[in-house]
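Participant: Dropping a structure here in structure tokens format, bear with me for questions.
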Amino acid sequence: MSGVAPDKLAQWGVASLNRVSRAVLFVDRVESVRLIDADEEAVLRHWLGFVSAVSGGLVPKHGGRVVKSLGDGLFAEFPTPEAAVAAAFAIQRLSDESNRAAPDEPQILLRMGIDAGDVVESDADLYGRRVNVAARLMGVAEPGEIVTSAGVRDALSSELDAEFEDLGDCYLRHLSRPVRAYRVRPPGHHPRLRPLLQETHLLPTVAVVPFIPRRRTLDPAALGEVLAEDIIVALARSHELNVISRLSTRVFRTRSTSLEGMGEALHADFVVSGTYVSDDRKVVLDVELAEVRSGNVLSVQRLTDRLDHILKEEQGAISQLVADIRKAILRREVQRAQSRPRPSLESYTLLMSAIELMHRLSPHDFLMARSLLEALLERTPRHPLPQAWMARWHVLRVQQGWSDERSRDSYLALDCTRRALDTDPDNPLALVMEGFVHTNLLKQLDVGEQRYHSALESSPSDPLGRLLLGTLHAFRGEGSQAVRETEHARLLTPLDPHRFFYDSLSASACIAAEDYGRALELAQRSLRANRNHTSTLRVKAVAQWRLGLEAEARQTARDLTTLEPKLTVRGWLEGSPSAAYPVGEAFARTLREVGVPE
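For any residue, its number in the working numbering is found by taking its place in the sequence shown, counting from 1, and adding 56.
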């Protein structure tokens, strides 16, 4: 640890201090003092048996170590956030089973907190900010709950590894800045929504090389190329990545080349590679994502299934694999952006981190996103992508109610899109953002519609363009078209890291279609992922009121005005693109009824 000489450490009786990356879990038994006071022997016997099962079985099973017992709690460490969360779920299940098996014994109710990152290791103990944050997050949790940091949430795949509910920015004792916290539950806690439809240098470059058979097969090259091609096609749908074509990567199907050699030959920042073994019944595929520059492996996954299931188009294993690859790259770049000075950052680090941070809708992260985009624009003032995303930043600022000068933000957003389209008139993202500005800020829906159609002509599978076109139909009260387009967009983004935004606008489309039950389901799902999205709260309140849930609607309106204290019905009408249509007038009436000030 810097700043403390080794001889001084030895003088204090400390062997050494090492900085390591760990996930930290704190477990606390609720009301232990009261329970012990009522029946000391029974409570301690039951609790110590539980602790023994956790320490000797569950924690080691998930690759962890109990750092210390805290009397009425535990402090454990794990190599990864995934392992820590899985262990927390297992501990919670054991608690539930213990309570059911011994209903006459004092019940074990737990609260848990998890954070991940660099910690300081000395002998058998751990220290540092991550340890403190995990302990404070445990205090935020209610009985029976697990609360994590944003870093832990970003490391897991939402709804497949776990389900998260955004608790917003939490002010924790003795910490100078708020911490974005999430309540986490096992997958399947919330019912899944059935889909209505059946199932440049500014971007990091990813190469997917053909997978290699682990033993000789009848056709050793073909299957490895098919698997790689499916991953390439799925990755290429992302706005955040450049993907090398299969014709370039297939040259590596029969040769052994180092990671550095592949990266240099393909001009790639990241390489996806792996091996497989197959028979008549199933395929076992081991996939590795590595960063070329450092040589670090960012993720390793194993897929085991029938080949037709692995290659299934919708919601299949390949879709999940691609989502995990994108998330691992994004997590790497956000960490780099937060820990290194701007001038030393790669351009794609600035862009990817800005996109992620602005969509968290935390004021601190939102301002950091702008500073990253500004640094990028200084380097590449004529490139359309940073201009398009800066336009998006200004639009979000207005929509969140954070802008004191709506007209100025509208002007700056439009200036950004014009600069982008002056450079590249056919750029799909710039066209989509141009349409967004004209629709949401300037209320020129005919111009916005034309921009969306232009974007979709050049990129028919662009999910954001299709989503916003559906939202434009919702503004006009064209419910069936709105639902069709927004559902199409959701179908194209089954595992998008910003899925809350798609769910939110799909809920608005359902309001226009008068399907208030589905609107409420979508709004609730969106808010579980990001509770700070004020437009989703408006939709939720309206859906609740029209379903007869009047008390719930009024509470949602109170939550909304807490986040957006300047909100009024008149102000909403002045800013809403739907104000000139009957659907907007009806929406405003409902806002009045739920308690939004006139």
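Glycine included, every Cβ here is placed at the ideal spot set by N, Cα and C.
Near S466, which residues of its chain fall below 8 Å by C-beta distance, leaving aside the five closest residues on each side in sequence?
Facilitator: For the purposes of this step, residue 466 is identified with residue 410 of the sequence shown, where counting begins at 1. The residues are H450, V454, V493, L497, L498.
Participant: Let me know if G700 comes out buried or exposed under the rule of 16 or more other beta-carbons within 10 Å of its beta-carbon.
Facilitator: Outside the modelled stretch of the chain, which goes from 57 to 654, sits residue 700, for which no answer is possible.
Participant: Report buried or exposed for D460, applying the criterion of at least 16 other Cβ atoms within 10 angstroms of its Cβ.
Facilitator: As a position in the sequence shown, residue 460 is number 404, starting the count at 1. Flag for D460 reads exposed.
Participant: Return the Cβ separation of A585 and F556 in integer angstroms, given the expectation that the two are a contact with Cβ distance under 8 Å.
Facilitator: In the sequence shown, counting from the first residue as 1, residue 585 sits at position 529. In the sequence shown, counting from the first residue as 1, residue 556 sits at position 500. Their Cβ separation, rounded to whole angstroms, is 4 Å, which keeps A585 and F556 in contact under 8 Å.
Participant: Quick one: grab the DSSP three-state call for L498.
Facilitator: For the purposes of this step, residue 498 is taken as the residue at position 442 of the sequence shown. The answer is coil: DSSP assigns L498 none of H, G, I, E or B.
Participant: Out of curiosity, what's the CA-to-CA distance linking L130 and L104?
Facilitator: One-based indexing of the sequence shown puts residue 130 at position 74. One-based indexing of the sequence shown puts residue 104 at position 48. Near 11 Å, if we compare the C-alpha coordinates of L104 and L130.
Participant: Whole-angstrom Cβ separation of A263 and M318, contact assumed at under 8 Å?
Facilitator: Here the question's residue 263 lines up with position 207 in the sequence shown. Here the question's residue 318 lines up with position 262 in the sequence shown. Contact flag correct, Cβ pair sits at about 7 Å.
Participant: What's the gap between the Cα of D286 and the Cα of A324?
Facilitator: Indexing the sequence shown from 1 puts residue 286 at position 230. Indexing the sequence shown from 1 puts residue 324 at position 268. Near 19 Å, if we compare the C-alpha coordinates of A324 and D286.
Participant: In the segment 564-592, which residue ranges form an unbroken alpha helix (DSSP H) of at least 4 residues, counting only runs that do not cross its ends?
Facilitator: Listed in chain order, the complete alpha helix (DSSP H) runs (minimum 4 residues) inside the segment 564-592 are 572-585.
Participant: Could you tell me if N74 is buried or exposed, where buried requires 16 or more neighbouring beta carbons within 10 angstroms of its beta carbon?
Facilitator: Position 18 of the sequence shown, counting from 1, holds the residue named residue 74. So N74 counts as exposed.
Participant: Go through its chain and collect everything with a Cβ distance to L252's Cβ below 6 Å, but skip five positions before and after it.
Facilitator: Position 196 of the sequence shown, counted from the first residue, corresponds to residue 252. Here the set comprises E543.
Participant: Return the CA-CA distance between P135 and G112, expressed in angstroms with no decimal places.
Facilitator: Within the sequence shown, residue 135 is the residue found at index 79, counting from 1. Within the sequence shown, residue 112 is the residue found at index 56, counting from 1. Those two C-alpha atoms are separated by around 17 Å.
Participant: Which first and last residues belong to the beta strand (DSSP E) in which D615 is found?
Facilitator: For the purposes of this step, residue 615 is identified with residue 559 of the sequence shown, where counting begins at 1. That residue, D615, is in no beta strand (DSSP E); its alpha helix (DSSP H) goes 606-619.
Participant: May I ask which residues mark the beginning and end of the alpha helix (DSSP H) holding N483?
Facilitator: On the sequence shown, position 427 is the one that residue 483 refers to. Note, N483: premise wrong, no alpha helix (DSSP H); not H, not E.
Participant: Using a threshold of 9 Å, state whether the C-beta atoms of A132 and L212 are closer than that.
Facilitator: Position 76 of the sequence shown, counted from the first residue, corresponds to residue 132. Position 156 of the sequence shown, counted from the first residue, corresponds to residue 212. No; because the gap between Cβ atoms is not below 9 Å, this pair is not in contact.
Participant: So T261 is in the beta strand (DSSP E); what residue range does that whole segment cover?
Facilitator: Working through the sequence shown from its first residue, we reach residue 261 at position 205. From DSSP, the beta strand (DSSP E) with T261 extends over 261-264.
Participant: Would the segment 606-617 count as touching the segment 641-651 if we require 3 or more Cβ pairs under 8 Å?
Facilitator: Counting Cβ pairs under 8 Å, three or more are found: they touch.
Participant: Less than 9 Å separating the beta-carbons of V76 and S88?
Facilitator: Counting from 1 along the sequence shown, the entry for residue 76 is found at position 20. Counting from 1 along the sequence shown, the entry for residue 88 is found at position 32. No, the Cβ-Cβ distance between V76 and S88 is not below 9 Å.
Participant: Whole-angstrom Cβ separation of T592 and A563, contact assumed at under 8 Å?
Facilitator: Position 536 of the sequence shown holds residue 592. Position 507 of the sequence shown holds residue 563. Yes, T592 and A563 are in contact; Cβ-Cβ is about 7 Å, under 8 Å.
Participant: Count the CB pairs spanning the segment 345-365 and the segment 375-386 that are closer than 8 Å, and state whether there are at least three.
Facilitator: These segments touch.
Participant: Along the chain, where does the alpha helix (DSSP H) containing L647 start, and where does it finish?
Facilitator: For the purposes of this step, residue 647 is identified with residue 591 of the sequence shown, where counting begins at 1. Unbroken alpha helix (DSSP H) run through L647: 638-650.
Participant: Hey, out of L322, A284, Q394, E320, whose CA is closest to E344's CA?
Facilitator: The sequence position of residue 344 within the sequence shown is 288, counting from 1. Checked all of L322, A284, Q394, E320; the closest Cα to E344 is A284.
Participant: Start and end of the alpha helix (DSSP H) containing L223?
Facilitator: Within the sequence shown, residue 223 is the residue found at index 167, counting from 1. Here L223 belongs to no alpha helix (DSSP H); instead the beta strand (DSSP E) covers 219-226.
Participant: Just the C-alpha distance for L274 and D179, rounded to the nearest angstrom, thanks.
Facilitator: Working through the sequence shown from its first residue, we reach residue 274 at position 218. Working through the sequence shown from its first residue, we reach residue 179 at position 123. Any reading at L274 must be qualified, since the residue scores a pLDDT of 45, below 50, and its modelled position is unreliable; the value itself is stated next. Going from the Cα of L274 to the Cα of D179 covers about 54 Å.
Participant: Around the Cβ of G457, are there at least 16 other Cβ atoms within 10 angstroms (buried) or fewer (exposed)?
Facilitator: For the purposes of this step, residue 457 is taken as the residue at position 401 of the sequence shown. Buried, by the Cβ-count rule.
Participant: Would E347 and F326 be called neighbours here (beta carbons separated by less than 9 Å)?
Facilitator: To locate residue 347, count along the sequence shown from 1; it is residue 291. To locate residue 326, count along the sequence shown from 1; it is residue 270. Contact flag set, yes.
Participant: Assign N188 to one of three DSSP states: helix, strand, or coil.
Facilitator: Translated into the one-based positions of the sequence shown, residue 188 becomes position 132. Reduced to three states, the DSSP call for N188 is helix.
Participant: For L359, which beta-bridge partners are listed by DSSP?
Facilitator: The sequence position of residue 359 within the sequence shown is 303, counting from 1. In the DSSP output, where bridge partners are listed per residue, L359 has L341.
Participant: Between the alpha carbons of R293 and D518, how many angstroms are there, rounded?
Facilitator: Position 237 of the sequence shown, counting from 1, holds the residue named residue 293. Position 462 of the sequence shown, counting from 1, holds the residue named residue 518. Distance between the alpha carbons of R293 and D518 is about 8 Å.
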